Ligand code: SF4
Ligand code: SF4
């Protein structure tokens, strides 16, 4: 079983599922959404962060860098400053343990299953009192289906509800099937219903996602949909109409829909990872909250329940009745 690197374990999350949750962010995702605000979770391997604004140009990293990717440069009449040439970086991560200024860091930590489980169970009491649990996010946890099954199985044995946040990308439905009996809630990010735009902006085809979603609708697992609304990508009246049409057809199978606004908080991370050229939303302004009101209204008018704008704060886990399951 492949245990993914973990980029973060966030306690007391209120927007990654019902109740108080601990969210585990795995590293690795096959999509490359151009607006992604967690670029450090995309590649499955460890990466070196360099935050130039924290660097005091002490030169400790340059002294040990085997690729000569880091060097102190001294211009006449000026203090020496550090320059990092990513094209020479061997990703050895030595600098991340040498820097005393926190200017360097490694994205992604190796943790054992036991360590992850220990951390995930630390807030078990809060889960019980709030209807919360653990959410596996990323990245995309479905990159590691065996890990998800094993971790979920062990969490459920402790009475902990498990949600998984995913784009539902696998090209084979059989990859998703083993998860069904272990996951209490699938939170599916639906980035666009336009196949051309989906492929262009995420680097991944829409069809397998729709196929998997339709299988999920036919199963009896709980499903919430996340709609990340991104300026110039999926925020037109046509996009909103397509979402309303599609989700209305499955309204009785949805625990709810969360409309999430774009923000550009990830830009600094692209710079720190040496990938600023891949961030295409530099300087793009967030939509005002009222921009998504027509979408929320269209969904509500078409029978979709439990719609939130901005997250799930206050949402209580819904218990599906036998009647609903049968209908
Ligand atoms: S990670 Fe790159 S910059 Fe840092 S020490 Fe290794 S080669 Fe040098
Ligand atoms: S060790 Fe840290 S503070 Fe010193 S030059 Fe390198 S990155 Fe900057």
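Numbering (my numbering), first residue to last: 1 to 327. Each residue gets a CB set at the ideal place from its N, CA and C atoms; glycine is no exception. Computed from a predicted structure; not experimentally measured.
Buried or exposed (CB count within 10 angstroms, at least 16 for buried), residue i
i, result
"residue 226", "buried"
"residue 277", "exposed"
"residue 90", "exposed"
"residue 92", "exposed"
"residue 288", "exposed"
"residue 320", "Residue confidence for residue 320 is low, a pLDDT of 42 falling below 50, so the modelled location carries little weight; the figure read from the coordinates is stated next. Exposed: under 16 other Cβ atoms inside 10 Å."
"residue 25", "buried"
"residue 42", "buried"
Under 8 Å between C-beta atoms of residue i and residue j
i, j, result
"residue 136", "residue 177", "no"
"residue 340", "residue 186", "Summary: the structure shown does not reach residue 340, with the chain confined to residues 1 through 327, and so no result is reported for it."
"residue 182", "residue 219", "no"
"residue 179", "residue 164", "yes"
"residue 169", "residue 2", "no"
"residue 273", "residue 30", "no"
Alpha-carbon to alpha-carbon, residue j and residue i
i, j, result
"residue 100", "residue 235", "44 Å"
"residue 299", "residue 292", "11 Å"
"residue 309", "residue 94", "43 Å"
"residue 4", "residue 194", "31 Å"
"residue 322", "residue 196", "Since pLDDT at residue 322 reaches only 36, below the 50 mark, its modelled position is unreliable, and the value read off the structure follows with that caveat. Cα to Cα, the separation comes out at about 39 Å."
"residue 275", "residue 46", "14 Å"
"residue 21", "residue 54", "32 Å"
"residue 250", "residue 217", "7 Å"
"residue 327", "residue 253", "Here the model assigns residue 327 a pLDDT of 29, short of 50, so the residue's position is not dependable, and the following value carries that caveat. Going by the C-alpha atoms only, they are around 10 Å apart."
"residue 85", "residue 62", "11 Å"
Presumed contact (8 Å Cβ cut-off) between residue i and residue j, rounded CB distance
i, j, result
"residue 255", "residue 223", "6 Å"
"residue 27", "residue 105", "Actually they are not in contact, since the Cβ atoms of residue 27 and residue 105 sit about 13 Å apart, beyond 8 Å."
"residue 44", "residue 143", "7 Å"
"residue 199", "residue 205", "6 Å"
"residue 329", "residue 286", "The shown model of the chain, from 1 to 327, leaves out residue 329, and the question about it has no answer."
Extract the residue ranges of the beta strand (DSSP E) inside the stretch 123 to 175, only unbroken runs of 3 or more that lie entirely within it.
With a minimum length of 3 residues, the continuous beta strand (DSSP E) runs that stay inside the stretch 123 to 175 are 133 to 137, 161 to 166.
Those runs of the beta strand (DSSP E) which lie wholly inside the stretch 48 to 131 and span at least 3 residues:
If only uninterrupted beta strand (DSSP E) runs of at least 3 residues are considered, those enclosed by the stretch 48 to 131 are 70 to 73, 81 to 84, 104 to 107.
Taking only runs of the alpha helix (DSSP H) that begin and end inside the stretch 182 to 220, which ones reach a length of at least 4 residues, in chain order?
If one requires a minimum length of 4 residues, the alpha helix (DSSP H) runs lying completely within the stretch 182 to 220 are 195 to 202, 207 to 218, in chain order.
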